[in-house]
Structures are given as C-alpha cells and as structure tokens.
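Numbered as in this note's numbering, the first sequence ends at 650 without a single skipped number.
Report on the structure given below.
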Amino acid sequence: MGDDSSRSAVPATFPRIWAVIAAIPAGTVLSYGEVARRAGLPRRARLVAQALRAVPDAMPLPWHRVLRSDGRIAFPADSLGFREQCNRLRSEGVEVSATGRVRLAAAAMSLDELLWRP
DNA sequence: TCGATGACACATT
DNA sequence: AAATGTGCCATCG
C-alpha cells in the first residue's frame with residue numbers, strides 16, 4: 533500500500549544523523565566521523581556529508597558545528613558556505629583561524645568551562 | 001553493472 | 001601545516 537518509497541527517497545539513516553547534529557551544544561563542534569559514530573554509523577563520515585546536503589531548508593540544523601577530523605571547515609575557503617560557517621561559529625564564541633581551522637579540543641573545552649565552574 | 005563523484009578519515013611524506 | 005595516496009560507502013548517469 534502507501535508505498536511512497538519511490539517518491540521521497542530519504543534514506544533511513546539521515547534522520548538519525550540529523551538528530552545527532554541537532555544535539556551538538558552551542559559553542560562546541562564535532563567531526564563528521566564523530567557524528568557518524570554517535571549515529572551508530574561508524575566509518576561513514578561521507579554519509580554524514582550527504583545527509584547535510586539533503587537537509588531541508590525548513591529544518592533549522594546547526595550544520596556549522598560539524599567540521600573535518602582535522603578541525604577544518606569542509607567547504608573551500610573561497611566559497612560562500614565557508615564564510616557563513618565561519619561567521620556562525622564565531623558568533624558562538626568559537627575561535628576560527630583565517631584558513632578556517634578550529635581547535636577541536638578547545639571547542640570541546642568551552643563546554644567543560646561551563647560545567648567546571650559551580 | 002560499472003565508473004565517477006563527494007560539506008570525509010587516516011597514514012605518510 | 002600542507003600535499004598525496006588509499007580506504008569507505010551511498011548516489012547517479
């Protein structure tokens with residue numbers, strides 16, 4: 533019956549990936565690999581990338597908190613997406629180098645600071 | 001079915 | 001820090 537599998541064609545893994553990304557606290561960042569791992573999809577970082585491309589515009593997702601494993605923004609430095617991600621991260625207090633590099637440890641630490649003090 | 005592609009990861013150099 | 005090569009996996013023509 534209602535076989536809509538030929539119409540929407542949204543992989544079952546996407547919603548899980550989106551949920552993980554939505555759960556990333558402001559001011560912190562995660563790598564594609566980490567997101568995949570937390571979504572129960574180890575070694576599928578590239579699938580995370582595809583899931584991000586497929587995010588409906590109506591869905592507000594903190595996509596800017598997802599970086600490469602080396603702490604770099606995945607977009608080319610001259611692209612619009614790069615600048616947008618840069619701005620969003622800095623708005624949350626994350627330090628981003630001119631080349632788009634972020635210290636993952638430092639970003640994770642910013643949350644610790646909040647919890648560290650009483 | 002096969003080959004090319006991609007908002008990646010990892011090891012080496 | 002940056003460049004290169006290899007591995008992975010779903011999607012597409």
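Glycine included, C-beta positions come from ideal geometry on N, C-alpha and C.
Keep in mind it's a predicted model, so treat the numbers as computed, not measured.
Option nearest residue i by Cα separation, candidates the options
i, options, result
"Leu599", "Ile549, Leu562 and Trp550", "Leu562"
"Ala558", "Gly632, Arg620, Val628 and Arg633", "Arg620"
"Met554", "Arg622, Ala541, Val542 and Val587", "The question names Met, but residue 554 is Ala in the sequence shown. Cα-wise, what sits closest to Ala554 is Val587."
"Ala544", "Val567, Leu593 and Ala583", "Ala583"
"Glu624", "Arg585, His596 and Arg548", "His596"
Start and end residues, alpha helix (DSSP H) containing residue i
i, result
"Arg615", "Leu612 to Ser623"
"Glu566", "Tyr564 to Arg570"
"Leu573", "Unbroken run through Leu573: none, as it is neither H nor E."
Three-state class that DSSP yields for residue i in the structure shown
i, result
"Ser537", "Interpretation of Ser537 is limited by its pLDDT of 45, a score under 50 that renders its predicted location unreliable; the figure taken from the coordinates is listed afterwards. Helix at Ser537."
"Val552", "helix"
"Val580", "helix"
- Could you tell me whether the segment 604 to 612 touches the segment 571 to 580, where touching means 3 or more Cβ pairs closer than 8 Å? no
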